[in-house]
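S.K.:
In the working numbering, the protein residues as written are -15 to 207.
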């Protein structure tokens, strides 16, 4: 009997690898530019995820001085996303100035992680489920930001694996470190988990309003 979940997962990983390969070849074939150096940011982010995975037990012990699991999860996730945003400053940031870039994005990251903690405190998620659902947020958000994904389905299919990898990493880092400490996670169907995962996605609304207000008040030019 075919294992369709495994087949779909392998296809996803294959397309993601191809997306990364094409991005890596792009500056070689067409010349280097800040836009094309986004691959360097992505590689650094994946290295960060790999480091967290390898040293998760050590990091878990070192961060237990934060007694509240809620605050530990939120702060680890928050600072991890800020690190990722900083990594992207030399390739494709929201704003060219790092200080403004962090001011614009930090509130949404904090709300996103807070909502994710609430979801995880309700139901058990595997790392794969957390990775894919967190990554789906990136696909939706990047599509809303750029607008291009809405009108270009082929672009959407091409960018889905890559956005899933990047935003999946954002969300997976705090969960890798804190998952053993989560109490009372109840089992749930995949459909239930998907419904609950929409709550963190809604946090983009106040985040977007924050960005819109600051952009208009201070006449900021976004990337």
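The C-beta atom is built at its ideal place from N, Cα and C for all residues, glycine as well.
Since we're looking at a predicted model, the values are computed, not measured.
Since residue 170 sits in a beta bridge, which residues does DSSP pair it with?
M.R.: Here residue 170 refers to the residue found at position 186 of the chain shown. DSSP output for residue 170 lists 107 as bridge partner(s).
S.K.: So the candidates are 125, 89, 44, 153; which of them puts its Cα closest to the Cα of residue 161?
M.R.: On the chain shown, position 177 is the one that residue 161 refers to. Comparing Cα-Cα distances from residue 161 to each of 125, 89, 44, 153, the minimum goes to 44.
S.K.: How about residue 89 and residue 69: are their beta carbons less than 7 Å apart?
M.R.: Within the chain shown, the letter at position 105 stands for residue 89. Within the chain shown, the letter at position 85 stands for residue 69. Yes; because the gap between Cβ atoms is below 7 Å, this pair is in contact.
S.K.: My guess is that residue 150 and residue 29 are in contact by the Cβ rule of under 8 Å, so how many angstroms apart are they, rounded?
M.R.: As a first step, residue 150 is located in the chain shown; it is residue number 166 there, counting from the start. As a first step, residue 29 is located in the chain shown; it is residue number 45 there, counting from the start. That belief holds up - the Cβ atoms of residue 150 and residue 29 are roughly 6 Å apart, short of 8 Å.
S.K.: Any heavy atom of the ligand NAD closer than 6 Å to the beta-carbon of residue 157?
M.R.: The ligand content of the structure shown is nil, which means the ligand NAD is not present either.
S.K.: By how many angstroms is the C-alpha of residue 92 removed from the C-alpha of residue 119?
M.R.: By one-based count along the chain shown, residue 119 stands at place 135. By one-based count along the chain shown, residue 92 stands at place 108. Taking the straight line from one Cα to the other gives about 16 Å.
S.K.: Using only CA atoms, which one of 178, 35, 196 lies nearest to residue 110?
M.R.: Taking the first residue of the chain shown as position 1, residue 110 is located at position 126. Here the closest residue by C-alpha is 178.
S.K.: Note down the Cα distance separating residue 12 from residue 5, rounded to an integer number of angstroms.
M.R.: Taking the chain shown and counting its residues from 1, the one referred to as residue 12 is at position 28. Taking the chain shown and counting its residues from 1, the one referred to as residue 5 is at position 21. Those two C-alpha atoms are separated by around 11 Å.
S.K.: Please report how far the alpha carbon of residue 148 lies from the alpha carbon of residue 79, in whole angstroms.
M.R.: Residue 148 sits at position 164 when you count from the first residue of the chain shown. Residue 79 sits at position 95 when you count from the first residue of the chain shown. Roughly 22 Å between the two C-alpha positions.
S.K.: Just mark residue 58 as buried or exposed, buried being the case when its beta carbon has 16 or more other beta carbons within 10 Å.
M.R.: The residue labelled residue 58 in the question sits at position 74 within the chain shown. Buried, by the Cβ-count rule.
S.K.: Use the C-beta contact count for residue 170: other C-beta atoms within 10 angstroms, 16 or more gives buried, fewer gives exposed.
M.R.: Residue numbering aside, residue 170 sits at position 186 when the chain shown is read from its first letter. Its Cβ having fewer than 16 others within 10 Å, residue 170 is exposed.
S.K.: Output the distance between the C-alpha atoms of residue 228 and residue 105, rounded to the nearest integer angstrom.
M.R.: Outside the shown range of the chain (-15 to 207) lies residue 228, about which nothing can therefore be said.
S.K.: Indicate the three-state DSSP secondary structure (helix, strand or coil) for residue 121 in the structure shown.
M.R.: Taking the first residue of the chain shown as position 1, residue 121 is located at position 137. It is helical.
S.K.: I'd like to know whether the C-beta atoms of residue 62 and residue 94 end up nearer to each other than 7 Å.
M.R.: The residue given as residue 62 occupies position 78 in the chain shown. The residue given as residue 94 occupies position 110 in the chain shown. For residue 62 and residue 94, yes; Cβs fall inside 7 Å.
S.K.: Measure the alpha-carbon distance for residue 194 versus residue 154 and round it to whole angstroms.
M.R.: Position 210 of the chain shown holds residue 194. Position 170 of the chain shown holds residue 154. If you take the alpha carbons of residue 194 and residue 154, they lie about 20 Å apart.
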